[in-house]
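Each step along the sequence shown adds one to the number in the numbering used here, with nothing skipped, and position 32 is 32. Built from N, CA and C at the ideal position, the CB exists for glycine as well. One structure is given here, and the rest of the page talks about it.
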Amino acid sequence: MIISTPPGPFQPSWDSLENYQTPDWYQDAKLGIFIHWGAYSVPAFGSEWYPRQMYLESDAVYKHHLETYGSQSEFGYKDFIPQFKAEKFNALEWLELFKKAGAKYIIPVAEHHDGFAMYKTKLCRWNSFDMGPKRDVMQELAEASHKVGITFGLSSHRAEHWWFFNGGKKFESDVQNPEYGDLYGPAAAEGTQPDEEFLNDWLNRCTELVDRFHPRVFYFDWWIEQPAFAPYLRRFAAYYYNRAYAHGYPAAINYKNESFPEKAAVFDIERGHLAGIRDRFWQTCTALGKNSWGYIKGMEYKLAHEVIEDLVDIVSKNGTLLLNVGPKPDGTIPPEDTDLLLAIGKWLDVNGEAIYGTRPWVVYGEGPTEIQAGAFKDTDRSAFTSQDFRFTTKPGAVFAIMMAAPTKNIEIRSLGSDLRLLSAKIDTVELLGSPHKIKWQQVGSGLKIELPDGVNLSGAAAFKCSYKTE
Numbered sequence: 001m002i003i004s005t006p007p008g009p010f011q012p013s014w015d016s017l018e019n020y021q022t023p024d025w026y027q028d029a030k031l032g033i034f035i036h037w038g039a040y041s042v043p044a045f046g047s048e049w050y051p052r053q054m055y056l057e058s059d060a061v062y063k064h065h066l067e068t069y070g071s072q073s074e075f076g077y078k079d080f081i082p083q084f085k086a087e088k089f090n091a092l093e094w095l096e097l098f099k100k101a102g103a104k105y106i107i108p109v110a111e112h113h114d115g116f117a118m119y120k121t122k123l124c125r126w127n128s129f130d131m132g133p134k135r136d137v138m139q140e141l142a143e144a145s146h147k148v149g150i151t152f153g154l155s156s157h158r159a160e161h162w163w164f165f166n167g168g169k170k171f172e173s174d175v176q177n178p179e180y181g182d183l184y185g186p187a188a189a190e191g192t193q194p195d196e197e198f199l200n201d202w203l204n205r206c207t208e209l210v211d212r213f214h215p216r217v218f219y220f221d222w223w224i225e226q227p228a229f230a231p232y233l234r235r236f237a238a239y240y241y242n243r244a245y246a247h248g249y250p251a252a253i254n255y256k257n258e259s260f261p262e263k264a265a266v267f268d269i270e271r272g273h274l275a276g277i278r279d280r281f282w283q284t285c286t287a288l289g290k291n292s293w294g295y296i297k298g299m300e301y302k303l304a305h306e307v308i309e310d311l312v313d314i315v316s317k318n319g320t321l322l323l324n325v326g327p328k329p330d331g332t333i334p335p336e337d338t339d340l341l342l343a344i345g346k347w348l349d350v351n352g353e354a355i356y357g358t359r360p361w362v363v364y365g366e367g368p369t370e371i372q373a374g375a376f377k378d379t380d381r382s383a384f385t386s387q388d389f390r391f392t393t394k395p396g397a398v399f400a401i402m403m404a405a406p407t408k409n410i411e412i413r414s415l416g417s418d419l420r421l422l423s424a425k426i427d428t429v430e431l432l433g434s435p436h437k438i439k440w441q442q443v444g445s446g447l448k449i450e451l452p453d454g455v456n457l458s459g460a461a462a463f464k465c466s467y468k469t470e
């Protein structure tokens with residue numbers, strides 16, 4: 001099928017697409033939930049890259065598969081699909097949990113590198129409606145998100161499928177069986193550019209997702225920055241943005257690396273941070289688990305306060321956090337994920353005023369703890385201290401978020417009168433979530449705060465510093 005550009009304000013050129021404007025709702029949301037769920041949750045070993053690594057003879061996953069399931073010629077990745085039953089999957093329960101966590105949008109993976117679509121489609125037989133769960137997972141999640149008032153997006157990781165199963169061509173495996181070529185193929189060599197047939201199929205799958213689900217965010221994983229994708233990315237972006245315009249909803253594309261010009265979409269950094277404020281709105285995608293995006297046994301989890309601190313740091317730098325969960329193959333969310341999400345939501349219930357709908361202040365923060373900028377650095381920082389602050393702002397207020405439990409006497413240097421970062425004198429200071437009045441004084445060296453007796457906080461705390469403009 002040939003995809004043509006629908007009528008609208010955008011043409012498939014970078015010059016045209018750089019007129020794109022990031023939606024206000026997205027900039028206000030601050031927290032989203034990513035969902036990696038598929039047949040790779042059945043073996044629950046290694047990571048969501050199990051389907052590739054089980055065909056790499058030098059990989060530990062290959063050895064595990066051989067010992068657990070037998071040879072890859074007799075039991076291949078396709079054979080996990082009938083075991084992926086999702087018998088306890090309840091989309092509404094998921095979305096109610098995400099709402100309690102304080103999330104404002106979700107991005108479930110519509111298709112991962114494994115080529116198994118999590119929705120009903122006519123473009124391939126390997127999908128969750130015709131196989132495995134026998135359910136249109138994306139449709140159920142979209143309907144549930146609308147019911148609870150959370151914005152629906154989705155992601156495609158199809159690009160890497162070009163080479164994802166190529167290890168299975170190097171020894172006797174079911175990847176070489178032409179009966180399953182429509183799942184495992186092309187299984188091309190890394191370093192080669194995808195051909196026209198693959199690229200057109202990629203574009204058709206992406207536009208089908210747009211027309212079926214009207215996602216407000218369309219997330220792309222890496223590898224679309226390959227030169228062969230460039231004209232197809234332009235065609236897709238013009239198609240998606242014009243469809244969104246015609247249906248009256250503001251939409252966004254996520255990209256990594258340099259696959260899009262920065263004005264044409266929203267930059268995403270995987271498991272990482274930025275050193276300072278980025279003028280253009282951006283996103284970090286990371287996971288509650290340290291060692292996998294998809295469900296595995298023996299997951300190493302982050303602590304709730306670490307995720308909250310990452311959220312605050314990201315928001316202070318003009319970003320949003322897309323936080324991943326990995327459900328089990330039966331459709332339940334692991335209790336560890338649930339507990340973490342509820343802890344984050346509990347903190348946001350108290351401190352959400354300092355997060356939602358805010359924008360970065362003149363400086364993002366202060367304090368001794370350094371952030372390692374770049375992708376895959378989310379676990380590389382030292383613990384924050386009570387001298388570390390992050391700032392956000394709304395009209396008439398600056399929020400100073402202390403990144404560790406407050407001490408009785410606090411000084412925030414950036415809010416001192418000598419630095420003149422604030423154009424007006426502070427009028428009131430409140431500790432969010434506390435009924436107690438606090439003593440404070442704005443002097444040249446900083447804003448000095450004294451907490452009253454009885455205020456004992458165990459984690460990050462937000463001070464709302466209100467001021468009146470002339």
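Starting from residue i, follow the alpha helix (DSSP H) in both directions and report where the run begins and ends.
i: Trp471; result: Nothing about residue 471 can be read from this structure; the chain reaches only from 1 to 470.
i: Val183; result: It should be noted that the sequence gives Leu, not Val, for residue 183. Its alpha helix (DSSP H) spans residues 181-184.
i: Arg234; result: 230-247
i: Thr68; result: 60-69
i: Arg205; result: 196-213
i: Val455; result: Premise fails: Val455 is in no alpha helix (DSSP H) and is neither H nor E.
i: Lys464; result: Counting along the chain, Lys464 falls outside any alpha helix (DSSP H), though it belongs to the beta strand (DSSP E) covering 461-467.
i: Lys317; result: No alpha helix (DSSP H) contains Lys317, which DSSP labels as neither H nor E.
i: Tyr26; result: 24-29
i: Ser16; result: 14-17
i: Pro51; result: 50-53
i: Glu430; result: Taken as a continuous stretch (DSSP letters only), Glu430 belongs to no alpha helix (DSSP H), being part of the beta strand (DSSP E) at 426-431.
i: Trp293; result: Per DSSP, Trp293 belongs to no alpha helix (DSSP H) and is neither H nor E.
Along the chain, where does the beta strand (DSSP E) containing residue i start, and where does it finish?
i: Met138; result: Taken as a continuous stretch (DSSP letters only), Met138 belongs to no beta strand (DSSP E), being part of the alpha helix (DSSP H) at 137-148.
i: Pro108; result: 105-111
i: Leu447; result: 446-450
i: Arg420; result: Note, Arg420: premise wrong, no beta strand (DSSP E); not H, not E.
i: Glu366; result: 359-366
Sorted by chain position, which residues of the same chain lie with C-beta nearer than 7 Å to residue i's C-beta, five sequence neighbours on each side aside?
i: Gln53; result: Gly46, Asp59, Val61, Tyr62
i: Ala373; result: His273, Leu274, Ala275
i: Leu484; result: With the chain covering 1 to 470 only, the question about residue 484 has no answer from this structure.
i: Phe34; result: Ile107, Cys285, Leu322, Leu323, Asn324
i: Lys99; result: Val148, Ile150
i: Trp222; result: Lys256, Asn257
Considering only the alpha carbon of each residue, which of the options lies closest to residue i?
i: Leu348; options: Gly38, Trp25, Gly102, Trp49; result: Gly102
i: Phe220; options: Arg212, Phe236, Asp211; result: Phe236
i: Ala400; options: Lys448, Ala252, Pro194; result: Lys448
i: Thr151; options: Leu457, Tyr249, Ser434; result: Tyr249
i: Asn242; options: Met1, Ile412, Asn19; result: Asn19
i: Lys147; options: His112, His214, Glu93; result: Glu93
i: Gly167; options: Glu179, Gly153, Pro186; result: Pro186
i: His112; options: Phe164, Gly32, Phe98; result: Phe164
i: Tyr26; options: Leu97, Gly153, Ala39; result: Gly153
i: Ala252; options: Glu258, Ser414, Asn456, Ala265; result: Ala265
i: Tyr364; options: Asp313, Gly191, Asp380; result: Asp313
i: His436; options: Asp339, Ala404, Leu451, Ile371; result: Leu451
Using beta-carbon positions only, say whether residue i and residue j come within less than 8 Å of one another.
i: Ile107; j: Ser155; result: yes
i: Val42; j: Pro329; result: yes
i: Pro406; j: Ser386; result: yes
i: Gly298; j: Gly326; result: no
i: Ser434; j: Gly416; result: no
i: Gln72; j: Ser173; result: yes
i: Pro368; j: Thr392; result: no
i: Ala304; j: Ala354; result: no
i: Tyr295; j: Ala44; result: yes
i: Val315; j: Lys30; result: yes
i: Ala397; j: Ala460; result: no
Report all residues from its chain with a CB closer than 6 Å to the CB of residue i; omit the five preceding and five following residues, and keep chain order.
i: Gly357; result: Asp28
i: Ala91; result: Glu140, Leu141, Ala144
i: Phe84; result: Ala39, Val42, Gly132, Pro329
i: Val362; result: Leu421
i: Gly76; result: Asp174
Can you find the residues in the same chain that come closer than 8 Å, C-beta to C-beta, to residue i, ignoring five residues on each side of it along the sequence?
i: Gln226; result: Ala159, Gln193, Pro194
i: Glu336; result: Leu288, Met299, Tyr301
Three or more beta-carbon pairs under 8 Å between the region 416-429 and the region 450-467, yes or no?
-> yes
Are the region 315-330 and the region 262-282 touching, with three or more C-beta to C-beta distances below 8 Å?
-> yes
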